[in-house]
């Protein structure tokens with residue numbers, strides 16, 4: 267449940283503006299973000315020192331995922347099992363993508379002061395996002411890696 271809470275907090279924080287700055291040859295700035303993206307790995311730490319863990323939350327109830335729809339909306343589905351019963355947490359909103367910039371708007375409220383963020387990889391199979399934030403005078407980097415399903 268702790269991982270689910272951390273993940274839900276992170277997804278809520280995704281109501282940010284992402285900017286792609288990488289020159290990685292595997293990146294395709296024109297790749298479509300539309301589709302279902304399964305959470306593959308999550309990591310947190312200092313920049314370049316993030317410790318990644320596999321599949322943030324996988325239960326017999328399902329695998330957590332984020333889906334970007336062609337109508338400009340997104341949804342996040344998180345699964346958990348409590349007292350033998352499957353539970354689904356859902357979050358949704360709107361998104362816009364201009365070139366390498368992606369903006370997520372949760373519940374029709376755009377974040378006014380987004381943290382520094384970037385899409386590190388966006389291609390036909392992988393979406394890797396880094397969010398940089400300041401926590402108690404320390405710079406913290408969060409990475410989320412998705413695979414397209």
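Numbering (the working numbering), first residue to last: 267 to 415. Ideal placement from N, C-alpha and C gives every residue a C-beta, glycine not left out.
May I have the straight-line CA-CA distance separating residue i from residue j, to the nearest angstrom?
{"i": "residue 320", "j": "residue 392", "result": "14 Å"}
{"i": "residue 331", "j": "residue 372", "result": "16 Å"}
{"i": "residue 357", "j": "residue 343", "result": "7 Å"}
{"i": "residue 325", "j": "residue 410", "result": "19 Å"}
{"i": "residue 336", "j": "residue 395", "result": "20 Å"}
{"i": "residue 305", "j": "residue 387", "result": "14 Å"}
{"i": "residue 355", "j": "residue 348", "result": "12 Å"}
{"i": "residue 311", "j": "residue 389", "result": "25 Å"}
{"i": "residue 402", "j": "residue 370", "result": "26 Å"}
Counting along the chain, where does the beta strand (DSSP E) carrying residue i start and finish?
{"i": "residue 304", "result": "301-311"}
{"i": "residue 396", "result": "392-401"}
Can you look up residue i in the DSSP assignment and give me helix, strand or coil?
{"i": "residue 353", "result": "strand"}
{"i": "residue 415", "result": "coil"}
{"i": "residue 338", "result": "coil"}
{"i": "residue 320", "result": "strand"}
{"i": "residue 358", "result": "strand"}
{"i": "residue 314", "result": "coil"}
{"i": "residue 298", "result": "coil"}
{"i": "residue 326", "result": "coil"}
Please return the same chain residues whose Cβ sits closer than 6 Å to the Cβ of residue i, not counting the five positions on each side in sequence.
{"i": "residue 339", "result": "360"}
{"i": "residue 315", "result": "none"}
Excluding five sequence neighbours on each side, which residues of the same chain lie with their C-beta closer than 8 Å to the C-beta of residue i?
{"i": "residue 334", "result": "299, 300, 301, 303, 340 and 361"}
So, is the C-beta of residue i closer than 8 Å to a C-beta in chain C?
{"i": "residue 331", "result": "Here there is only one protein chain, and chain C is not present."}
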